[in-house]
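Reading the sequence shown from the start, the letters are residues 2 to 295 in our numbering. As structure tokens, the structure follows; a few thoughts come after it.
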Amino acid sequence: MAQKAREITAESLAKRLPVDNARDEFGQLATVFNDTLSRLQDAFERLRRFTADASHELRTPLTAMRSVGEVALQNTLDAVTYRDVIGSMLEEVDRLTRLVESLLILTRADSGKVQLAPENLDLVGLAGNVIDQLRVLADEKQQDLALRAPIRVHATADAALIRLALMNLIHNAIKYTPNGGTITIEVNATDGRAIIEVRDTGPGIPAAHRDHIFARFYRVDPSRSREEGGVGLGLAIARWAIEANGGHIELVSERTDGSSFRVILPVPDGSSAAGGGRQLPYEPRRKRQEFASP
2 MAQKAREITA ESLAKRLPVD NARDEFGQLA TVFNDTLSRL QDAFERLRRF
52 TADASHELRT PLTAMRSVGE VALQNTLDAV TYRDVIGSML EEVDRLTRLV
102 ESLLILTRAD SGKVQLAPEN LDLVGLAGNV IDQLRVLADE KQQDLALRAP
152 IRVHATADAA LIRLALMNLI HNAIKYTPNG GTITIEVNAT DGRAIIEVRD
202 TGPGIPAAHR DHIFARFYRV DPSRSREEGG VGLGLAIARW AIEANGGHIE
252 LVSERTDGSS FRVILPVPDG SSAAGGGRQL PYEPRRKRQE FASP
């Protein structure tokens, strides 16, 4: 058994120790060792895929900047064209910045060392503030961005992470909903659970993609996502932020003319989702705010 264990390296994690008798001590030890190898193999495979995907995503904007720069150097251009070239390169720099910020968030998530600061959070006020922050983007596309909240709803959660999740969900809805469309954020409570639903009138998500929509770097339409400046990490970050707070996020829309994402957050025993808690006032913003948009 010791010799077989020595033969297993990082390049041969698919190997397993033989289990002659699963009931004796050696068999039980080999079974535990094999289970550990399986988890390690899965972790290595996830890391390999993540590294390959991240490398590809980093290479795309770098290649674009290099191509634009080389063309500009090979030709004599007027001042207006040079400004366009610089503007195009800055757009790619912004995309790289968003990608790196998103990767840092996911690195923190994978480390399992994120310190939560749960509080009795006013979800209606929080959703309203996020909407105010993103409204300028909806206005640019003549979209109707609405909040529906029949009651005041609270949950015990980390405000920064829930804000991050809502920012990604609502920004995605704005990004993929056509001009003149509608994005509705509904906050409610039922059966001791706080619920936030983000619905849009965009193109929807085809059935073939729904099982993969929360995977890192996954895009329903890769070319369109890159044109919109996305890096394919927004929904993965949103899911992590919600699940870190003991909640759940799901795609509930079965339609082809829009998407609907539902966030469910638990309410502690003996508490009510409605009423109480810290009230977050609405703060309409007239200036465009800086925010991460994976």
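Quick reminder that beta carbons are idealized off the backbone N, C-alpha and C, glycines included.
Query, Result
"Residue interval of the alpha helix (DSSP H) (run including residue 238)", "235-245"
"Residue 128 and residue 167 closer than 8 Å at C-beta", "yes"
"Residue 74 burial status per 10 Å Cβ neighbour count (16 or more: buried)", "exposed"
"Between the CA atoms of residue 236 and residue 215 - distance to the nearest angstrom", "5 Å"
"Residue 171 in three-state terms, based on DSSP", "helix"
"Beta-carbon proximity of residue 132 to residue 146, cut-off 8 Å", "yes"
"Short Cβ contact (8 Å threshold) for residue 265 with residue 196", "yes"
"Check whether residue 89 and residue 69 have beta carbons under 8 Å apart", "yes"
"Residue 211 CB to nearest heavy atom of the ligand SAM below 7 Å", "With respect to the ligand SAM, the structure shown offers nothing to examine, as it has no ligands at all."
"Those residues which DSSP pairs with residue 263 across a bridge", "198, 251"
"Residue environment, residue 53, which counts as buried when at least 16 other CB atoms sit within 10 Å", "exposed"
"is_contact[residue 165, chain B] using C-beta, thresh 8 Å", "Looking at the structure shown, chain B is missing, and only one protein chain is on hand."
"Buried/exposed call for residue 27, threshold 16 Cβ in 10 Å", "exposed"
"Rounded straight-line distance, which links the Cα of residue 61 to that of residue 104", "16 Å"
"Rounded straight-line distance, which links the Cα of residue 18 to that of residue 211", "38 Å"
"Closest Cα partner of residue 267 within the set 233, 78, 77, 155", "155"
"Between the CA atoms of residue 109 and residue 125 - distance to the nearest angstrom", "27 Å"
"Rounded C-alpha distance that separates residue 80 from residue 63", "24 Å"
"Between the CA atoms of residue 201 and residue 66 - distance to the nearest angstrom", "33 Å"
"Where the beta strand (DSSP E) through residue 123 begins and ends", "119-123"
"C-alpha gap between residue 12 and residue 41, whole angstroms", "12 Å"
"Among 37, 94, 244, nearest to residue 117 - alpha-carbon criterion", "244"
"DSSP three-state assignment for residue 148, whether helix, strand or coil", "strand"
"Residue from 259, 169, 173 with nearest C-alpha to residue 207", "259"
"Residue 190 and residue 163 closer than 8 Å at C-beta", "no"
"Residues that DSSP places opposite residue 159 in a beta bridge", "119"
"Cβ separation of residue 246 and residue 159, assumed to be a contact under 8 Å, to the nearest whole Å", "6 Å"
"Bridge partners - residue 187, DSSP secondary structure assignment", "149, 198"
"Endpoints, alpha helix (DSSP H) assigned at residue 103", "80-112"
"Assigned exposure category for residue 87 - 16 Cβ within 10 Å defines buried", "exposed"
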